């Protein structure tokens, strides 16, 4: 115990910390919106949740303070680069802006149509920015979207985040984040699909209404949520649930949910000639709503299977067609060709070949379960 | 030399295994996939395997050489082979090499911690803390160091965890077709992997301290190197199957970047957790290199114990590492040490082995 005194100089070592960032000094950004402006400028919008200062009555106890909904501060500013604007905003806000808790990053549709990747550079460069934040394209402008009134919501970014998460789980949009999308934006052999969000004026609510298709780094088309689901089926990316509703013969409607699906993409690259692809999908579904009932009869299910197959085939084909029209190789057919024959791919002008190439879709749907009743 | 010095503490085969493993697994984990990708594209992982194969032959040469002198370290048997003067020169070169590599490890460690986690902390603070810690440990004998290395090896599980977490996001088609980069590019990528896999040369010092049959020592060394090669190759495969080729050219620390996008419920910045695991691996290899450098330095000045040379080298290494911890110098020094590693791993041991065979030198024949 002679050396007990060494504790004193050693504990001095523990105190040093240049890089502490205490939450009380920070303004955490939860949501970001980016829009391109003319002359290479851009508008940055940030949403910062605020503490409820002085709004609770002193005698009310702690209950009142925690029950109250969090307020948020939305600010927009124009500038040359994202970080330039961020520093401008910083001069207006008490406490430093901090990006590390970002949950949603939104980009206006028009801005996404001209090189989305370039807008995100600041976030990829900064090691503290969370690349697992959700990336969405806004129908309209992002700054206006943050200014909209959402019924019953105070912390918008949180609301959008939950909306996106639910849609992901229901396979209405692909599961993606900044990092995953970035990989695809930069890939020569496949293209990104990024969720699309819009404002519903009547309901005063945000709405996920499909996905944006990308050609290289720029947005070039759109899919509806059904088509996005169809894309997910073909790309084997379905999540827990995937509901589909079709109108079958006799003006009857049936809703099914996917139990299991397997998609196979086959690409053939002939020596002389254009490449061709076949997507074959095998879906097993559960009927979740079918008012006419009678699904215990073989005859009924057989015809239903057949009609569902036809309808699904139509949907899948329509999706593929849309992707080709947008020149968006979301299924990664180019990547398959590279994997098979990189030299041929180099010779192909992929942007020219892909929209006109022959992509066959083969679908098979089978009702496997009918729920608690037939 | 009948009157052998009092035998220093010895280590077991397993301790040798983990000692070598911890020396090899170091700062390179984070950057290796990027480095090999630059040279060999998506076939960079083949470069790592190739480098691993080179290392295995190096181990074999060192093992045959060391088997001739099972009771002596390199510094002890060198005079028997090449005479006093040349042996001092060779030892000096080895000492310098290990010292520079140790400083390089520390410099890379500093530059990455500044970049990823502590942008405002002066790097000298980390340099001093880590060197102080290292000095504290490596002034002890080899057994203590080996125990520490064994203890820290459970962290390798953390590296393996990365594969499980990344599994869903991997795209095998990024890797195909295998070998399309051409053998030349793959070959040119392997020297870069050599720096990351470097460290097996310390077997020349550890060999006599290990209490086991010669064959078991070889198995331990070859096994350690094999494990490291496999882990590195898997990490590279993981990074290549995750990032598209263009993206990989932008990210110098692909492994951290890849982990950054994982979300795990409560844990948000998984990259920082991985960074602290990586810090332990870097520090253990820093310790090993500095320890061997101190042993060599002590031998050169005929000191009885390596304690004093540890202090001297420790004081010298801090300014050197801080001064060289910028991207440019790291790159230049890296290519130099990478080339030097080939000499110290293959050329010199092979030369010594030939001398030993020609002059029929074995332990006891001197």
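Chains as they are written, first to last, in the numbering used here: chain A, 230 to 603; chain B, 24 to 389.
Glycine is no exception: its CB is placed at the ideal position from the N, C-alpha and C atoms.
Fair warning: this is a prediction, and the values are worked out from it, not measured in the lab.
Quick check: residue i and residue j, are their CB atoms within less than 8 Å of each other?
i                     : j                     : result
residue 113 (chain B) : residue 103 (chain B) : no
residue 203 (chain B) : residue 499 (chain A) : no
residue 51 (chain B)  : residue 266 (chain B) : no
residue 477 (chain A) : residue 515 (chain A) : no
residue 427 (chain A) : residue 444 (chain A) : no
residue 276 (chain B) : residue 53 (chain B)  : yes
residue 316 (chain B) : residue 122 (chain B) : yes
residue 490 (chain A) : residue 513 (chain A) : yes
residue 559 (chain A) : residue 442 (chain A) : yes
residue 401 (chain A) : residue 454 (chain A) : yes
residue 670 (chain A) : residue 521 (chain A) : This structure does not reach residue 670 (chain A), given that chain A is present from 230 up to 603, and the question cannot be answered.
residue 588 (chain A) : residue 418 (chain A) : no
residue 88 (chain B)  : residue 379 (chain B) : yes
residue 328 (chain A) : residue 305 (chain A) : no
residue 421 (chain A) : residue 465 (chain A) : no
residue 280 (chain A) : residue 301 (chain A) : no
Starting from residue i, find everything on chain A with Cβ-Cβ shorter than 7 Å and list it in chain order.
i                     : result
residue 144 (chain B) : 247 and 248
residue 139 (chain B) : 356
residue 291 (chain B) : 359
residue 286 (chain B) : 361
residue 266 (chain B) : 412
residue 203 (chain B) : 571
Quick one: which chain A residues come within Cβ less than 9 Å of residue i?
i                     : result
residue 301 (chain B) : Those within 9 Å of residue 301 (chain B) in chain A number zero; the least Cβ separation is about 14 Å.
residue 200 (chain B) : 567, 568, 569, 570 and 571
residue 384 (chain B) : Within 9 Å Cβ-Cβ: nothing; residue 384 (chain B) doesn't reach chain A, min ~48 Å.
residue 207 (chain B) : Per Cβ cutoff of 9 Å: no residues; residue 207 (chain B) is ~16 Å from chain A at best.
Between residue i and the rest of its own chain, which residues show a CB-CB distance below 6 Å, the 5 nearest in sequence each way excluded?
i                     : result
residue 337 (chain A) : 264, 367, 370 and 371
residue 412 (chain A) : none
residue 295 (chain A) : Because the pLDDT of residue 295 (chain A) is 48, which lies under 50, any placement of that residue in the model is unreliable, and the question is left without a value.
residue 70 (chain B)  : 59, 63, 209, 212, 213 and 216
residue 319 (chain B) : 114, 117 and 118
residue 368 (chain B) : 81 and 224
residue 518 (chain A) : 484
residue 334 (chain A) : 261, 362 and 364
residue 337 (chain B) : 154 and 158
For residue i, which residues of its own chain have a beta-carbon under 8 Å away from its beta-carbon, when the five flanking residues on both sides are left out?
i                     : result
residue 43 (chain B)  : 222, 223, 225, 226, 229, 243, 244, 247 and 248
residue 241 (chain A) : none
residue 309 (chain A) : 269, 270 and 271
residue 7 (chain B)   : Residue 7 (chain B) lies beyond the range of chain B shown here (24 to 389); nothing can be said about it.
residue 37 (chain B)  : 173 and 243
residue 545 (chain A) : 459, 462, 463, 508, 510, 590 and 592
residue 49 (chain B)  : 128, 219, 222, 304, 305, 307, 308 and 309
residue 432 (chain A) : 380
Using a cut-off of 9 Å between C-beta atoms, extract the partners of residue i located in chain B.
i                     : result
residue 218 (chain A) : As shown, chain A starts at 230 and ends at 603. That puts residue 218 (chain A) outside it, with no answer to give.
Look up residue i in the DSSP assignment and say whether it is helix, strand or coil.
i                     : result
residue 472 (chain A) : strand
residue 43 (chain B)  : helix
residue 421 (chain A) : coil
residue 612 (chain A) : Absent from the structure is residue 612 (chain A), since the part of chain A shown begins at 230 and ends at 603.
residue 331 (chain A) : coil
residue 429 (chain A) : strand
residue 291 (chain B) : coil
residue 602 (chain A) : coil
residue 595 (chain A) : strand
residue 303 (chain A) : strand
residue 440 (chain A) : strand
residue 143 (chain B) : coil
residue 265 (chain A) : strand
residue 106 (chain B) : coil
residue 49 (chain B)  : coil
residue 587 (chain A) : strand
residue 278 (chain A) : strand
residue 89 (chain B)  : helix
residue 360 (chain B) : helix
What in chain A is Cβ-close to residue i, meaning under 8 Å?
i                     : result
residue 269 (chain B) : 415, 416 and 417
residue 330 (chain B) : Within chain A, no residue comes near residue 330 (chain B); the closest Cβ sits about 18 Å away, beyond 8 Å.
residue 322 (chain B) : Within chain A, no residue comes near residue 322 (chain B); the closest Cβ sits about 31 Å away, beyond 8 Å.
Please compile the residues from chain B whose C-beta is within a distance smaller than 8 Å of the C-beta of residue i.
i                     : result
residue 564 (chain A) : 194, 196 and 197
Which same chain residues, not among the five before or five after residue i, have their C-beta less than 7 Å away from its C-beta?
i                     : result
residue 283 (chain A) : Below a pLDDT of 50, predicted positions are generally treated as unreliable, and residue 283 (chain A), at 46, falls in that range; no measurement from the model is reported.
Which residue spans inside the segment 449-522 of chain A form an unbroken alpha helix (DSSP H) run of at least 4? As for any alpha helix (DSSP H) of minimum length 4 sitting wholly inside the segment 449-522 of chain A, the runs are 454-463, ordered along the chain.
Along the segment 397-414 of chain A, where does the CB come closer than 8 Å to a CB of chain D? Name the residues. In the structure shown, chain D cannot be found, because the protein chains are A and B.
I'd like the ranges of any beta strand (DSSP E) spanning at least 3 consecutive residues and lying wholly in the segment 318-365 of chain A. If we require 3 residues or more, the beta strand (DSSP E) runs fully inside the segment 318-365 of chain A come out as 325-327 and 333-337.
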